[in-house]
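Novice: I have a structure I would like to understand better, so I am pasting it below and will then ask my questions one at a time.
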Amino acid sequence: MNEKQTKQISKFLSLILRHNPDKIGLTLDENGWANVNELISKSKIRFNLTQLEEVVVTNNKKRFSFNDDKTKIRANQGHSLKNIDLELTALEPPQFLYHGTVAKFMESIKKTGLQKMSRQHVHLSHERETAINVGSRRGKAIILSIRTLEMYKNGFKFYCSENGVWLTDEVPTEYIEFK
Ligand code: HQG
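Every letter in the sequence shown is one number past the one before it in the numbering used here, and letter 168, counting from 1, is 152.
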């Protein structure tokens, strides 16, 4: 497949596996898994198992995973669906993690901290570069450094998804370095 085809399938998978499985009459289990055969047969765009494997393996952000015998597939993070338990283990984060955003959100972030908005978690990254890319989706990126180890010591929980995105429920303003 060419890049355009894999991207089209990846976008479709993000929509179905993170946000709206109902759109094609698919049901995810409580851990976010979809049955692979059912996904392929109900999908509006045509692809087979080999092509699905190619999308999972080549995806630049490792957005999706198969279970061991490849009968099930799920998104690694980014869900807006409620009540999906990704079975992540709480971990001690590094001293700082980064969040990329844009100027138009700053007034609100200064008031209420980082909130999960429509997703299940606030997304943070270990690399500054990643945060720049995330922020740049919306315009000129502003990078916030978060004192995550201090948050952790004060009882906040942190998780790291299968594809290396750090997740937490919220970041109160006092832990954000506004420079
Ligand atoms: C902002 C993509 C106002 C927040 C990316 C962000 C990432 C607030 C937006 C992943 C706020 C939410 C997640 C507050 C946060 N007031 N705005 N209190 N708190 N915000 O898309 O982090 O390609 O849900 O700064 O690469 O941008 O989908 O989160 O701008 O990994 O795999 O509200 O999505 O990955 O936007 O991106 P999002 P995000 P995928």
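Positions of the beta carbon are idealized from the N, C-alpha and C atoms, including for glycine.
Beta carbon of Q99: closer than 8 Å to some heavy atom of ligand 1?
Specialist: Q99 Cβ: within cutoff of ligand 1.
Novice: Verify the contact flag: G9, CB atom, against every heavy atom of ligand 1, threshold strictly below 8 Å.
Specialist: Outside the cutoff, so no.
Novice: Determine the burial state of Q104: buried for a count of at least 16 other Cβ atoms within 10 Å of its Cβ, exposed for fewer.
Specialist: So Q104 counts as buried.
Novice: Check this for me: beta carbons of L98 and A115, under 9 Å apart or not?
Specialist: It is not a contact, given that the beta carbons lie outside the stated cut-off.
Novice: Under 8 Å from any heavy atom of ligand 1, does the C-beta of A107 make it?
Specialist: A small fix is needed here, since residue 107 is His in this sequence, not Ala. Yes.
Novice: List the whole-angstrom C-beta distance separating E37 from M(-15), where the pair is believed to meet the contact cut-off of C-beta under 8 Å.
Specialist: The pair is not a contact, with the Cβ atoms about 11 Å apart (cut-off 8 Å).
Novice: With C-beta atoms as the reference, is I0 less than 9 Å away from S25?
Specialist: Going by C-beta atoms, I0 is not nearer than 9 Å to S25.
Novice: Which residue's Cα is closest to the Cα of S92: P156, G139, S49, Q35?
Specialist: Per the Cα distances, P156.
Novice: Which residue wins for smallest C-alpha separation from E76, given the options K141, G148, K(-9)?
Specialist: Per the Cα distances, K141.
Novice: I need the straight-line Cα distance from C144 to L72, nearest angstrom please.
Specialist: Approximately 7 Å between the Cα atoms of the pair.
Novice: Kindly provide the ranges of any alpha helix (DSSP H) runs that are 4 or more residues long and lie completely inside the region 70 to 102, ordered along the chain.
Specialist: Whole alpha helix (DSSP H) segments, 4+ residues: 90 to 96.
Novice: Taking DSSP as the reference, what is the three-state secondary structure of L128?
Specialist: Correct three-state label for L128: strand.
Novice: Label Q79 either buried or exposed according to how many other C-beta atoms from any shown protein chain fall within 10 Å of its C-beta, with 16 as the threshold for buried.
Specialist: With fewer than 16 other Cβ atoms within 10 Å, it is exposed.
Novice: Looking at C-beta atoms only, is the number of pairs between the region 62 to 72 and the region -10 to 7 that lie closer than 8 Å three or more?
Specialist: At 8 Å Cβ cutoff, the stretches touch.
Novice: To the nearest angstrom, how far is it from the Cα of D6 to the Cα of L23?
Specialist: D6 and L23: Cα-Cα distance of roughly 11 Å.
Novice: Would DSSP call I168 helix, strand or coil?
Specialist: Any answer about residue 168 is impossible in this case: the structure gives the chain only from -15 up to 163.
Novice: Compare the C-alpha of Y136 against each of K100, F162, L81, T11 and name the closest.
Specialist: For Y136, the nearest C-alpha among the options comes from L81.
Novice: Between the Cα of E158 and those of K88, W17, R131, spot the shortest distance and give me the residue it belongs to.
Specialist: Per the Cα distances, R131.
Novice: What three-state label does DSSP hand N32 in the structure shown?
Specialist: In this structure, N32 counts as coil in the three-state DSSP scheme.
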